[in-house]
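Asks: Pasting in a structure now, in structure tokens, and then I'll have a few things to ask.
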Amino acid sequence: MFAESDSRKRKENPCIDTVNWLESQGSEDVLAGSFAGMSCSDKGPCKSCKLNAGDEANQLGFNLSAMIQHPAIKMVLPKFHSFLSGVRCVSVAMVASGSIRVSIMSDQTSALESALPPSILVIDDCQDIQKLIGAILSPMKVRLEYASGGEEGLRMAESSVPALILLDYQMPDCDGLEVLRRLRLNGRTARIPVMMITADNDQTLIARAFVLGVCDYVSKPFLPIELRARVRSALGSNALIEDLRHQARFDSLTGLPNKSNFVDRIQRSINQSLNRLPGFAILFIDLDRFKWINDSLGHSCGDQALQEASQRLRACVQSTGIVAKFTAENTVSRFGGDEFVVLLESISGTIDAELVASRILEAMRQPFLIAGRTLHLSASIGVVNSHGQYASPEDVIRDADIAMYEAKEAGRGCYRIFDASMGSRALKRWQIDSDLRKAIECHQFVLQYQPIICLQTGLVESVEALIRWNHPENGTVPPNDFIPMAEETGLIVSIGEWVLQTALKQFAVWQKLSPDATPKELNINLSRQQLVQPGFSSLVGACMRENGVEASKVHFEITESEVMNDLQASIQSIQELRAMGAKIDLDDFGTGYSSLACLHQLPIDVLKLDRSLISQLDQGGQYAKLVDLVLKLLSETEVKVIAEGIETEDQLHQLQRLQCKLGQGYLFSKPIDADKVQEFVRKRQNERAGFLQRGMAQSSVFIPKLMSIPMIKSI
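The working numbering puts the sequence shown at residues 263 to 977.
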């Protein structure tokens, strides 16, 4: 690796190779991927850096902080030694016998470069001019390199890529214009700013130089103050241009590569994969339920959470135990919002990507401390492995995104590996999303109403408004097939507003047609997104006033699990609705947290027992005791209880014996059209006497013993 003549020096200072390597490596490729290489004594560990020549790569990574404290490195690189002390290791790989290369994060490359003084390459065949320029620029914080001819200058420019080139016009082997032309044709040197130094004031020559791309020129003999001013100007302009280029390719919040930058890197990996080089993997990462942080705590807290998440992602892909196996650089990118993507290059198979995905999931489960609050997040990850089957970055990203949504549908906080079947399901979801937007525009939604019955009298107490989608091709689409997609896309807010307006308008129509055949109250379902929407209570109040419906006649149903996911924001909106006079029903109780303790946190008026509890009533056992316990505990409060999903006479009789006041289910009625509701109300009024007689006949049956609190915890 090093010349034989250096062997004596290496014996005197085993780490001298590190110094030589650091001094000699200036090319963009090396700087972008590595910053240290080392060759220690083969007779034992170096006394200063504590590294053995035969150490495994993983062990070397843990000794990085010791290595950069080496006095020789401090001496040669004082300008950026402090920066190296803060660099996190991405990967460590053996590149030669007894020598290592430590890779750093790509988004830290620019910071490493900026820590070094800018380099200036002087291409001039006159050594006196070289010395003069060196003396004039010595007060400036720059590093100077010298080339004595055009060919030598071209080689040095390609190797070190300096921040600025001072180029003489008249040279024996290759004149300045030819050097400039060849610099611009080389991809590595095309953007280097060049300042022409010439004793020839030929305006035609100067014009040709500007056509070829010089940034400035200075005539010989030059004044020191003029040369320094022009050099400062050229370096400043170049720094500004590079800063703009950086902003165009890196995310301003996290410092990670942005989407356009990342796409370029994927294309490079695709090209390598098509050439039968090792494959790569993409991990598409979305933070679960991140939106509520912005909605509840503000965008400042959301930004802090994103910055913390980006740091955790970087730590995961730079974990030596995982990535040391990968020979190429790995990239973490932020696509926007709470979406991140990881590129793993040169991996051997699916197991490598799964290992990184598992590490990321575990990292994201750890609590986030943001603005004095402890937040709990998780991540859903889609994984795509490529071994030559992709031709474009867009296809890779699309499939990783599809797999990520599969992870969300699987319950969030997990990862899924893409397969062909996911593509067809994604196409179906896309079709539903597209059709949903048309459904809103074309008024394809309708409302049906399911009665809520008084279990003592058989009369209709209320009706619950339930949305149905009359698809022009697929017929009636059940809510479970489109509500989750509406919530995922945010369309649920528009759909929910339509439900609110339509249900209130219909209730007002019933009241005008026949007040005595109108249900006493109206139940409307709300999504969490509606509930926490700013100004939602004002919208509700305006709708009620517009339709002439009293707030006291309206119940808003919210599900237990959705509310508990964003408790504080939900409570505030609930209190605003109740202050208007509206009532709040906690729906699906028993399917989420199933904790009676949560009720003291929620200002509710009605508790709806989920059908999963009621369906087991006619079998007796613990479910009957559980329902009995809830009813008895709430009998001392003003909270009413509605039993959902009553389908059999036995279930009804059990609930009557347990003194449950209200219920709904197919035993009484399926959801019915709006024009059938008043007819149903009258029918129940006419059948009241028979209903009461059936209820009295069952009054002597045994009532289950009340469960104790320890017993309920065992369910």
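Here a beta-carbon is modelled for each residue, glycine too, at the ideal position from N, C-alpha and C.
Could you pull the DSSP bridge partners for residue 701 from this structure?
Replies: Its beta-bridge partners do not exist; DSSP assigns none.
Asks: Work out the CA separation of residue 418 and residue 436 for me, nearest whole Å.
Replies: 15 Å
Asks: Which residue wins for smallest C-alpha separation from residue 767, given the options 728, 790, 808, 473?
Replies: 808
Asks: Leaving aside the five residues before and after residue 479 along the sequence, list all residues of the same chain whose C-beta is less than 7 Å from its C-beta, in chain order.
Replies: 457, 458, 460, 468, 471
Asks: Suppose the cutoff is 8 Å on Cβ atoms and the five residues either side in sequence are ignored; what does the same chain contact list for residue 691 look like?
Replies: 667, 747
Asks: Flag this pair as touching only if the segment 695 to 711 and the segment 744 to 758 have three or more C-beta atom pairs under 8 Å; answer yes or no.
Replies: Enough Cβ pairs lie closer than 8 Å, so yes.
Asks: Quick one: is residue 347 buried, meaning 16 or more other Cβ sit within 10 Å of its Cβ, or exposed?
Replies: Because residue 347 carries a pLDDT of 35, less than 50, the predicted location of this residue cannot be relied on, and the following value inherits that uncertainty. Answer is exposed; the Cβ neighbour count stays below 16.
Asks: Quick one: what's residue 552 bridged to in DSSP?
Replies: Looking at the DSSP assignment, residue 552 forms no beta bridge with any residue, so it has no partner.
Asks: I'd like to know if the segment 640 to 657 and the segment 669 to 677 are in contact, where contact means that at least 3 CB-CB pairs between them fall below 8 Å.
Replies: yes
Asks: Hey, which unbroken runs of the beta strand (DSSP E) at 3 residues or more fall wholly within the segment 884 to 935?
Replies: 902 to 905
Asks: Would you decide whether residue 810 is buried or exposed? Buried here means 16 or more other CB atoms lie within 10 Å of its CB.
Replies: exposed
Asks: Helix, strand or coil: how does DSSP classify residue 694 here?
Replies: helix
Asks: Are residue 788 and residue 744 close, meaning C-beta to C-beta below 8 Å?
Replies: Not closer than 8 Å, so no.
Asks: Going by beta-carbon coordinates alone, are residue 600 and residue 630 separated by less than 8 Å?
Replies: Contact flag unset, no.
Asks: Is DSSP giving residue 742 helix, strand or coil here?
Replies: helix
Asks: Count the other C-beta atoms from every protein chain shown that fall within 10 angstroms of the C-beta of residue 915, then say buried if there are 16 or more, exposed otherwise.
Replies: buried
Asks: Are residue 387 and residue 422 close, meaning C-beta to C-beta below 8 Å?
Replies: The Cβ atoms of residue 387 and residue 422 lie no closer than 8 Å to each other.
Asks: Which one of 396, 720, 442, 424 has the shortest CA to CA distance from residue 486?
Replies: For the set 396, 720, 442, 424, the Cα lying nearest the Cα of residue 486 is the one of 396.
Asks: Report buried or exposed for residue 712, applying the criterion of at least 16 other Cβ atoms within 10 angstroms of its Cβ.
Replies: buried
Asks: Do residue 777 and residue 724 have their CB atoms nearer than 8 Å?
Replies: no
Asks: Determine the direct distance from the alpha carbon of residue 925 to that of residue 717, and round the result to whole angstroms.
Replies: 6 Å
Asks: Mapping DSSP to helix, strand and coil, what is residue 669?
Replies: helix
Asks: Let me confirm a value: residue 332 is counted as buried when at least 16 other C-beta atoms fall within 10 Å, else exposed. Which label applies?
Replies: Model confidence at residue 332 stands at a pLDDT of 45, short of 50, so the residue's coordinates are unreliable; what they give is reported in the following sentence. Taking a 10 Å sphere around the C-beta of residue 332, we find 16 or more other C-beta atoms and assign the residue as buried.
Asks: Please report how far the alpha carbon of residue 873 lies from the alpha carbon of residue 927, in whole angstroms.
Replies: 9 Å
Asks: Could you tell me the alpha carbon to alpha carbon distance between residue 405 and residue 381, rounded to whole angstroms?
Replies: 4 Å
Asks: Distance, Cα to Cα, residue 856 vs residue 898?
Replies: The predicted position of residue 856 is uncertain, since its pLDDT is 47 and thus under 50; a value taken from the coordinates is nonetheless stated next. C-alpha separation (whole angstroms): 20 Å.
Asks: Using a Cβ-Cβ cut-off of 7 Å (strictly less than) and excluding sequence neighbours within five positions of residue 695, which residues of its own chain qualify?
Replies: 747, 751
Asks: If you draw a straight line from the C-alpha of residue 523 to the C-alpha of residue 548, how long is it?
Replies: 19 Å
Asks: From residue 300 to residue 415, what distance separates their C-alpha atoms?
Replies: Legend: pLDDT at residue 300 = 35, less than 50; position of this residue unreliable, value from coordinates given subsequently. Spanning the two alpha carbons is a distance of roughly 29 Å.
Asks: Can you check whether the CB of residue 607 is closer than 8 Å to the CB of residue 558?
Replies: no
Asks: Just the Cα atoms here: how many angstroms apart are residue 689 and residue 953?
Replies: 50 Å
Asks: Measure the Cβ-Cβ separation of residue 895 and residue 835 and say whether it is below 8 Å.
Replies: no
Asks: Which value, in whole angstroms, describes the spacing of the CA atoms of residue 493 and residue 455?
Replies: The alpha-carbon atoms of residue 493 and residue 455 are separated by roughly 10 Å.
Asks: Starting from the C-beta of residue 474, find all residues in its chain whose C-beta is less than 8 Å away, skip the five residues before and the five after it, and write them out in chain order.
Replies: 439, 442, 443, 446
Asks: Just verifying my parser: in three-state terms, what is the DSSP assignment at residue 635?
Replies: strand
Asks: Please confirm whether any heavy atom of the ligand PLP lies closer than 7 Å to the CB of residue 871.
Replies: Ligands in the displayed structure: none, and consequently the ligand PLP is not present.
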